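In this note's numbering, the protein residues as written are 1432 to 1514. Some notes on the structure that comes next.
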């Protein structure tokens, strides 16, 4: 699976349409393709690794009796909750 994802995003190029004109092609070096079916899965994989890293930093906010170390919007983390 890793090889398939890597192949999809290797040597990725894009152009921008502006006023019915297409810009020169340029290399896309970060991010996921807009509308890509893999985007939610890749985001979930990223979040699954990011949240423990944030929590390990020990940067917490006390709000009443609750201690928060990372805040995510429900729709950002819903994939993890439904797996």
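Ideal Cβ positions, reconstructed from N, Cα and C, are used throughout, including at glycine. Model, not experiment: these values are computed from the prediction.
Pairwise C-alpha distance: residue j and residue i
| i | j | result |
| --- | --- | --- |
| residue 1460 | residue 1490 | 30 Å |
| residue 1446 | residue 1457 | 6 Å |
| residue 1496 | residue 1480 | 27 Å |
| residue 1488 | residue 1499 | 12 Å |
| residue 1471 | residue 1444 | 21 Å |
| residue 1494 | residue 1501 | 13 Å |
| residue 1452 | residue 1464 | 21 Å |
Assigned secondary structure, residue i (DSSP; H/G/I helix, E/B strand, else coil)
| i | result |
| --- | --- |
| residue 1491 | coil |
| residue 1470 | helix |
| residue 1443 | coil |
Segment limits, beta strand (DSSP E) that includes residue i
| i | result |
| --- | --- |
| residue 1499 | 1497-1499 |
Limits of the alpha helix (DSSP H) - the one that residue i falls within
| i | result |
| --- | --- |
| residue 1437 | 1433-1440 |
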